[in-house]
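Visitor: Right, I'll just put the structure down here and ask away after.
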Amino acid sequence: MNLFLFQLRNEFKKLFARKRTYIGFVAFLIVECAVLFLLNLPKPKEFFRHTIEKNGYGFDEYFSGLTLGLFMLEWTTLLLGGLYLSLVSGDVVAKEVEDGTMRMMLCRPVARTRIIIIKYLACLGYTGVLIGFIGVTALIAGICYRGLGGLFVFAPLEKIFALYKLQEGLVRYFGALAMLAFSLATISSIGFMFSCFKIKPATATISTLSLVFLDSIFRNIPYFESLQPYFITTHMSTWLNVFQPHIPWERVMEDYAYLVGLNATCLVIALATFERRDFKG
Amino acid sequence: MIRLEGLTKSFGGKCALHPLFLEIKAGEIFGFLGHNGAGKSTTFGLILGQLHPTAGEALIRGVSVQRNRLQALQGIGAIFETPAFYDYLSGWSNLKIFTGYTARLTDAELRETVEFVGLSKRIDDPVRVYSHGMRQRLALAQALLPRPDLVLLDEPAEGLDPEGIHEMRELILRLNRERGMTVVFSSHLLSEVEQMCQRVAILNQGRLIFNGPWTDLRGSDNHFELQLNNWPAAMPVLVKFGAAIVSHGTISLTQNADIADLIAALVQAGVRIQAVQPVRQSLEEMYLGTIKKEGAVPLPLA
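These protein sequence lines map, in sequence, to chains D and W. Going letter by letter, the first sequence gives residues 1 to 281 in the working numbering. Going letter by letter, the second sequence gives residues 1001 to 1302 in the working numbering.
In structure tokens, the structure reads:
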């Protein structure tokens, strides 16, 4: 077990020593600043004022750092999170194969299964760190801009409209963040699976992005509404249910069971593919 | 130490390695010779379990790599012709990461090996600033950790300058001499193989066409340079002795023909012999001669 943890630590060391690992972090900081700037424009601000005040709540209380933080999470993570998680997870095995470091590893008495498990855990770890970073920095940026206050949630696709006081808002915000990380781990799993195929790292990344974006696009087309339960992104967006006044735990559990199954399938395919592959210079 | 039993590999229906039977003894320096694409790297890949054989198996200390790779690869180090590292990390971090797949080593163990390969001064530099020679040294260091008793070196001198080649050769010889390590290496540099190996295997288009000590390869060397006053008169005698003219003035005798008998016969036939000189084939000629032999078949186990 000690050796396993040592190897896992080394995997994180490799991952976080690469510059490209940080592209996602930097990109999100830039996006957060841009979103804050755009929300400061009169029209978006007026929309929020109108929506909040129409329901009898105070704009100044609910157009807060917490609301802005959630707004940034809600509208940017699937697109940008998908992009950067695909970039890293698509690289994690394929790049090592391409560079030849995988052959160096496979000179050693280490099971292929162990290599894959370690790399997969590192991928999941990266997902958690990135989403945690996004959530915390979005909240801090929002607070710096608007200060603390209640939470206003508006998610039309999921039919959520809710307002919460600061304390409850914070609890739900961090709960949602954890669930979002869990949801986005699916993108990492898909990227990781493609990364284990005999393809270039860029192909693995593009395949993952294509799959996720196509799924998301089709899901948003009204014609396919009856097919909603079959789209991956439908289950991934279940993290927003934490903002329902009465959290539908049964549905949330069902969605996460689906995602766990999907992730496990991706991992099994990755293991089977990697185990059967030949590695030659 | 290593026993290959009918090891075969095909890629997409094309046979890269025909059934290979070979045995490498503990403590020897064994060389694989062959052109690019001869099957050397494929053989190494199969021995290390990086490739799945189409048929046959590789046994290391009696343990099948294909059936129990983890146990079979205990105590083995390997490097490749273009060793790959995490360029953005230091040599030291690379060593820790790669050796970490076998065991968690102490800094003292790592330092000792780094000193052995002569990389102490630059071990904390990022690998991206390393020269090719330094990368090879780092590769050798990782292969020597943790204290293997068998190292597989795939073209270890590739890309090195003459000084680097000499240093690498000395390091390998020291490993064998001081640590009793079994060294298996491949090269297309014939002089390298000759200077280091006790036994060689020559691969050509995925087939083993020679396996044995250098002396056996030289044993087939039976060429003589003749200076005669009358070649037409000498021809019937040469034919009678089964001699073949390989180039102007140079003949090749069969193994059971004696040059002394040939000279006597030529003299009896009235041919004046001005000079007779054995021609020692160069290593390259021997190698090329061996791979050109028609109908070469895999030899039995040594």
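The beta-carbon is built from N, C-alpha and C at its ideal position, and this holds for glycine as well.
With DSSP as the reference, identify every bridge partner of residue 1199 of chain W, one or two as the case may be.
Guide: Its beta-bridge partners are W:1030 and W:1213.
Visitor: Is the beta carbon of residue 1095 of chain W less than 8 Å from the beta carbon of residue 1142 of chain W?
Guide: Going by C-beta atoms, residue 1095 of chain W is nearer than 8 Å to residue 1142 of chain W.
Visitor: Could you spell out the range, first to last residue, of the alpha helix (DSSP H) harbouring residue 203 of chain D?
Guide: Per DSSP, residue 203 of chain D belongs to the alpha helix (DSSP H) from 201-219.
Visitor: Compare the C-beta of residue 273 of chain D against all C-beta atoms of chain W and say whether one is closer than 8 Å.
Guide: Not closer than 8 Å to any Cβ of chain W, the Cβ of residue 273 of chain D fails to qualify, so no.
Visitor: Along the stretch 10-34 of chain D, where does the CB come closer than 8 Å to a CB of chain W? Name the residues.
Guide: Listed in sequence order: 10, 13, 14, 17, 18 and 19.
Visitor: Could you please tell me which residues of the stretch 96-114 of chain D, in chain order, have their CB closer than 8 Å to any CB of chain W?
Guide: Going along the stretch 96-114 of chain D in chain order, one finds 99, 100, 101, 103, 104, 105, 106, 107, 108, 109, 110 and 111 with a Cβ nearer than 8 Å to chain W.
Visitor: What residues match up with residue 1015 of chain W in a beta bridge as DSSP calls it?
Guide: DSSP lists W:1010 as partners of residue 1015 of chain W.
Visitor: In whole angstroms, what separates the C-alpha of residue 1149 of chain W from that of residue 1026 of chain W?
Guide: Near 9 Å, if we compare the C-alpha coordinates of residue 1026 of chain W and residue 1149 of chain W.
Visitor: With distances taken between CB atoms, is the gap from residue 181 of chain D to residue 128 of chain D smaller than 8 Å?
Guide: Cβ distance < 8 Å, so residue 181 of chain D and residue 128 of chain D count as in contact.
Visitor: Hey, is residue 1102 of chain W's beta-carbon within less than 8 Å of any beta-carbon in chain D?
Guide: So, interface residue.
Visitor: Strictly below 9 Å CB to CB, what residues from chain W border residue 278 of chain D?
Guide: Residues of chain W passing the Cβ test: 1009, 1011, 1045, 1050, 1051 and 1052.
Visitor: If you measure beta-carbon to beta-carbon, which residues of the stretch 1063-1076 of chain W are closer than 9 Å to chain D?
Guide: Within the stretch 1063-1076 of chain W, the qualifying residues are 1069, 1070, 1071, 1072, 1073, 1074, 1075 and 1076.
Visitor: What are the residues that DSSP puts in a beta bridge with residue 1150 of chain W?
Guide: According to DSSP, which records beta bridges pairwise, residue 1150 of chain W is partnered with W:1076 and W:1182.
Visitor: Closer than 8 Å is the cut-off here; do at least three beta carbon pairs connect the stretch 149-158 of chain D with the stretch 52-66 of chain D?
Guide: Because the criterion of three Cβ pairs below 8 Å is met, the stretch 149-158 of chain D and the stretch 52-66 of chain D touch.
Visitor: What residues from chain D crowd round residue 1041 of chain W, counting only those whose CB sits closer than 9 Å?
Guide: The contacting residues are 280 and 281.
Visitor: Would you call residue 207 of chain D buried or exposed, if buried means 16 or more other Cβ atoms sit within 10 Å of its Cβ?
Guide: It is buried - the Cβ of residue 207 of chain D has at least 16 other Cβ atoms within 10 Å.
Visitor: Return the residues of the stretch 192-205 of chain D that lie within a Cβ-Cβ distance of less than 8 Å from chain W, sorted by chain order.
Guide: Here the close residues number zero.
Visitor: What does residue 1088 of chain W reach in chain D if we use C-beta pairs closer than 7 Å?
Guide: Near residue 1088 of chain W (Cβ distances below 7 Å), the residues of chain D are 17 and 18.
Visitor: Evaluate residue 10 of chain D with the Cβ neighbour count: other Cβ atoms within 10 Å of its Cβ, from every protein chain shown; 16 or more gives buried, anything less gives exposed.
Guide: Classification for residue 10 of chain D: buried.
Visitor: Look at the alpha carbon of residue 1120 of chain W and the alpha carbon of residue 1112 of chain W, and state the distance between them as a whole number of angstroms.
Guide: The straight-line gap from Cα to Cα measures roughly 9 Å.
Visitor: Nearest CA to the CA of residue 1247 of chain W: which residue from W:1268, W:1279 and W:1048?
Guide: Among W:1268, W:1279 and W:1048, the Cα nearest to that of residue 1247 of chain W is on W:1279.
Visitor: Write down every uninterrupted run of the beta strand (DSSP E) in the stretch 91-120 of chain D whose length is 3 residues or greater and which is fully enclosed by it, in chain order.
Guide: For the stretch 91-120 of chain D, not a single whole beta strand (DSSP E) run of length 3 or above is found.
Visitor: Taking the continuous alpha helix (DSSP H) assigned at residue 235 of chain D, which residues delimit it?
Guide: Unbroken alpha helix (DSSP H) run through residue 235 of chain D: 232-236.
Visitor: Taking all protein chains shown into account, decide if residue 1254 of chain W is buried (16 or more other Cβ within 10 angstroms of its Cβ) or exposed.
Guide: That one is exposed.
Visitor: Using a Cβ-Cβ cut-off of 8 Å (strictly less than) and excluding sequence neighbours within five positions of residue 270 of chain D, which residues of its own chain qualify?
Guide: Excluding sequence neighbours, residue 270 of chain D sits near 93, 116, 120, 192, 193, 195 and 196.
Visitor: Am I right that residue 1073 of chain W and residue 108 of chain D are in contact with their C-beta atoms under 8 Å? What's the rounded C-beta distance?
Guide: About 7 Å; that satisfies the 8 Å criterion.
Visitor: Quick check on the DSSP output: the beta strand (DSSP E) that includes residue 164 of chain D runs from which residue to which?
Guide: Its beta strand (DSSP E) spans residues 160-164.
Visitor: To which residues does DSSP link residue 1224 of chain W through a beta bridge?
Guide: Note: residue 1224 of chain W sits in a beta bridge opposite W:1251 and W:1278.
Visitor: Within 10 angstroms of the Cβ of residue 1016 of chain W, are there 16 or more other Cβ atoms? Answer buried if so, exposed if not.
Guide: Answer is buried; the Cβ neighbour count reaches 16.
Visitor: Consider the Cβ of residue 1170 of chain W: report whether some Cβ of chain D lies at a distance smaller than 8 Å.
Guide: Not an interface residue.
Visitor: Taking its Cβ as the centre, do 16 or more other Cβ atoms sit within 10 Å of residue 1012 of chain W, making it buried, or is it exposed?
Guide: With fewer than 16 Cβ atoms within 10 Å of its Cβ, residue 1012 of chain W is classed as exposed.
Visitor: By the 10 Å Cβ neighbour count, where 16 or more other Cβ atoms means buried, how is residue 1197 of chain W classified, buried or exposed?
Guide: Buried, by the Cβ-count rule.
Visitor: One question on the structure: do residue 1002 of chain W and residue 1058 of chain W come within less than 8 Å of each other, judged by their Cβ atoms?
Guide: Contact flag set, yes.
Visitor: Helix, strand or coil for residue 1126 of chain W per DSSP?
Guide: Looking at residue 1126 of chain W - three-state DSSP - the assignment turns out to be strand.
Visitor: Compute the beta-carbon to beta-carbon distance between residue 229 of chain D and residue 98 of chain D, rounded to the nearest angstrom, for a pair I have assumed lies under 8 Å.
Guide: Residue 229 of chain D to residue 98 of chain D, Cβ: 38 Å. No contact.
Visitor: With distance defined between alpha-carbon atoms, name the residue in D:190, D:46, D:32 and D:4 nearest to residue 1103 of chain W.
Guide: Among D:190, D:46, D:32 and D:4, the Cα nearest to that of residue 1103 of chain W belongs to D:4.
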